[in-house]
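One structure below.
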Amino acid sequence: PVLVVDFGAQYAQLIARRVRECALYSEVVPHTMSAAEMLAKEPAAIVLSGGPSSVYAEGAPSLDVALLEAGVPVFGICYGFQAMADALGGTVGHTGGREYGNTTATITHTESVLFAGQPAEQNVWMSHGDGVTEAPAGMTVCARTPGAPVAAFEDPARKLFGVQWHPEVLHSAHGQEVLRNFLLKGAGLEATWTAANMAEELVEQVREQIGEGRAICGLSGGVDSSVAAAMVQKAIGDRLTCVFVDHGLLRAGEAEQVKEDFVAATGVDLVVVDASQQFLDALAGQSDPETKRKIIGREFIRVFEQAARDIVGAESSSEHPVEFLVQGTLYPDVVESGGGTGAANIKSHHNVGGLPDDLQFTLVEPLRSLFKDEVRQVGLELGVPEAIVWRQPFPGPGLGIRIIGEVTAERLEILRAADLIAREELTAAGLDRDIWQCPVVLLADVRSVGVQGDGRTYGHPIVLRPVSSEDAMTADWTRLPYDVLAKISNRITNEVADVNRVVLDVTSKPPGTIEWE
Ligand code: XMP
Numbered sequence: 012p013v014l015v016v017d018f019g020a021q022y023a024q025l026i027a028r029r030v031r032e033c034a035l036y037s038e039v040v041p042h043t044m045s046a047a048e049m050l051a052k053e054p055a056a057i058v059l060s061g062g063p064s065s066v067y068a069e070g071a072p073s074l075d076v077a078l079l080e081a082g083v084p085v086f087g088i089c090y091g092f093q094a095m096a097d098a099l100g101g102t103v104g105h106t107g108g109r110e111y112g113n114t115t116a117t118i119t120h121t122e123s124v125l126f127a128g129q130p131a132e133q134n135v136w137m138s139h140g141d142g143v144t145e146a147p148a149g150m151t152v153c154a155r156t157p158g159a160p161v162a163a164f165e166d167p168a169r170k171l172f173g174v175q176w177h178p179e180v181l182h183s184a185h186g187q188e189v190l191r192n193f194l195l196k197g198a199g200l201e202a203t204w205t206a207a208n209m210a211e212e213l214v215e216q217v218r219e220q221i222g223e224g225r226a227i228c229g230l231s232g233g234v235d236s237s238v239a240a241a242m243v244q245k246a247i248g249d250r251l252t253c254v255f256v257d258h259g260l261l262r263a264g265e266a267e268q269v270k271e272d273f274v275a276a277t278g279v280d281l282v283v284v285d286a287s288q289q290f291l292d293a294l295a296g297q298s299d300p301e302t303k304r305k306i307i308g309r310e311f312i313r314v315f316e317q318a319a320r321d322i323v324g325a326e327s328s329s330e331h332p333v334e335f336l337v338q339g340t341l342y343p344d345v346v347e348s349g350g351g352t353g354a355a356n357i358k359s360h361h362n363v364g365g366l367p368d369d370l371q372f373t374l375v376e377p378l379r380s381l382f383k384d385e386v387r388q389v390g391l392e393l394g395v396p397e398a399i400v401w402r403q404p405f406p407g408p409g410l411g412i413r414i415i416g417e418v419t420a421e422r423l424e425i426l427r428a429a430d431l432i433a434r435e436e437l438t439a440a441g442l443d444r445d446i447w448q449c450p451v452v453l454l455a456d457v458r459s460v461g462v463q464g465d466g467r468t469y470g471h472p473i474v475l476r477p478v479s480s481e482d483a484m485t486a487d488w489t490r491l492p493y494d495v496l497a498k499i500s501n502r503i504t505n506e507v508a509d510v511n512r513v514v515l516d517v518t519s520k521p522p523g524t525i526e527w528e
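Sequential numbering of the sequence shown, starting at 12, is according to full-length UniProt numbering.
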């Protein structure tokens, strides 16, 4: 594998993903793993990630020089670059030029391996206070920026490379090429990793983890849980039971679609549980977003526990209890729930931060290090129908986090009707693949005055939140055609009782998030 050594913050998984985009297998390891252990994995190359520390700060993660002397190609990024410089006898210090965000790198070494085939000036994304002031002996300095005299170096003979900026983020114009040059030219690797390999590898890992055990999978009909279910089914066959929870927070037609599309394609064993009253009761009187999310996360687990008992109870000879719970958790869910090293809790995704403390299941989360588009590729490999693979994301907590205020049966009816209209019109306009998703939100505690049918109304606003995104970590609002917006607005205000206004959310992420709660 290409090992990505995680020095903290949110970068390591993104780097691993960029390595996979170069068609190479990658694995993230913590910086606390010893050099001997890392080398025992026989890495084809090593990438040292950025991180929040200063190389000289007390307790800063250290870099064992043995890793640099083993003949394995190494690429240091940001903190990893500085740690490399430090370990090899260079100097790291305050360059006086803190750089955050975009800057221009000038490539000063025309024969460079890292920058082969690239323009001499490139826009790069920086985030550093310290910098390398003197490159280690044997290293050729390849680039500088206004704030960093040594912004990149390389020694192709020892296969050691590094850059101060972040090639993994899209704001670095040639970042992916720099990484590819390291992997293919600098390290001399062959790009052979594909979605098929990825699927196979993950299936194997699931097989190992579950062994002879049994599992249930919460199947929502969305991309993530469907791909996770297909993967686990491939690994353990009929020792997997899927549970579709109707929590009453679903959109119109959801349950039917799961049965039609997924079960038909996979033949998986499906149990449908109607738990809508249970969720509504648990949510009664609650309007705080995090509280709602945690309640929903907890109730999901309670339903799965009951389902697991029922499955075993229904059998005459039940040697094995169901001890594994499969979830389609993705990497962005983990990061936003504060699960990344040093990451802040933005919101508790129901399947990560929303899990109850007394969870009895062992979790199986084969997609935990992947991003959505990778999950889609893997899904296609596993034979998940395109109608599911290309579905827009819909959050597990469903309409529960799209009603701003308390969730009630009446409010769910209103939102469900408005959401259906928006989806129908977006589909009719052929826009489904152009937008990432379009949450429809009910501002249940807000009222405004309207005039409908010559009379005064005092109804609720519906918010349309169409967004474009690559991986849900960042997003922009989608510029939908005005005539489509007009049609949606007309229909919602005409057809949905209690709604007399439709508004458009024109906020990117950041600063907004995609969902309102
Ligand atoms: P935010 O609102 O954080 O959403 O910008 C990012 C993506 O995640 C989805 N989302 C969730 N998905 N459980 C899920 O399965 C959750 O608790 C959850 N919260 C948000 C959201 O729809 C978007 O695609």
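Note that beta-carbon positions come from the ideal geometry of N, C-alpha and C, so glycine has one too. From a predicted model like this one, the values you see are computed outputs, not experimental measurements.
For Y22, no beta strand (DSSP E) encloses it; the enclosing alpha helix (DSSP H) starts and ends at Y22 to E32.
The alpha helix (DSSP H) runs lying completely inside the region 57-92 and spanning 4 residues or more number zero. If you ignore the 5 residues before and after V83, its C-beta comes within less than 6 Å of the C-beta of P54 and I57, all in its own chain and listed in chain order. By the CB criterion at 8 Å, V282 and Q244 fall outside the cutoff. Here W401 is exposed. Its C-beta has fewer than 16 other C-beta atoms within 10 Å. Annotation for N134 indicates a beta carbon at 7 Å or more from all heavy atoms of ligand 1. For E316, the enclosing alpha helix (DSSP H) covers residues P300 to G324. T373 and R225 have their C-alpha atoms some 11 Å from each other. Residue side-chain check: T524 places its Cβ nearer than 7 Å to a non-hydrogen atom of ligand 1. Put simply, of G19, T151, W488 and Q187 the residue whose alpha carbon is nearest the alpha carbon of N134 is Q187. Residue side-chain check: Q448 places its Cβ nearer than 7 Å to a non-hydrogen atom of ligand 1.
Counting only the Cα atoms, G339 lies some 17 Å from G349.
Straight-line spacing of the CA atoms in G441 and W488 works out to 18 Å. Around the C-beta of L181, fewer than 16 other C-beta atoms lie within 10 Å, and the residue is accordingly described as exposed. P343 carries a helical assignment under DSSP once its states are collapsed to helix, strand and coil. When C-beta atoms of the region 448-464 are compared with those of the region 504-511, three or more pairs fall below 8 Å, so the two segments count as touching.
In this structure, ligand 1 has a non-hydrogen atom nearer than 7 Å to the beta-carbon of R304. For T504, the three-state secondary structure derived from DSSP is helix. Not one heavy atom of ligand 1 lies closer than 7 Å to the C-beta of A263. Relative to ligand 1, the nearest heavy atom lies less than 7 Å away from the CB of E347. Per DSSP, the beta bridge partners of Q463 are G466.
Counting only unbroken stretches of 3 or more residues, the beta strand (DSSP E) elements lying wholly within the region 222-287 are 226-229, 251-257 and 281-285, in sequence order. Using a Cβ distance threshold of 8 Å, V395 and A241 count as a contacting pair. Here the region 259-269 makes no contact with the region 374-389; the two share fewer than three CB pairs at distances below 8 Å. For L366, there is no enclosing alpha helix (DSSP H), as DSSP marks it with neither H nor E. Pairing C89 with H120 gives a Cβ-Cβ distance that is not under 8 Å.
By the neighbour-count criterion, in which a residue is buried when 16 or more other Cβ atoms sit within 10 angstroms of its Cβ, Q463 is exposed. Within its own chain, the residues whose Cβ lies closer than 7 Å to the Cβ of G411, once the five positions on either side in sequence are excluded, are L260, L294, K303, I307 and V418, listed in chain order. Annotated three-state conformation of I357 is coil, per DSSP.
Checking the DSSP bridge columns, you'll see W488 partnered with V478.
G324 and N362 do not touch by the CB rule: their CB atoms are close to 25 Å apart, not below 8 Å. Rounded to whole angstroms, S380 and G470 show a C-alpha spacing of 44 Å. A heavy atom of ligand 1 is found nearer than 7 Å to the CB of G407.
Ranked by Cα distance from F315, the first of S237, L336, T438 and P332 is L336. D465 sits away from Q403, with the two beta carbons spaced by 8 Å or more. For the options N192, V143 and S64, the alpha carbon positioned closest to that of Q129 is the one of N192.
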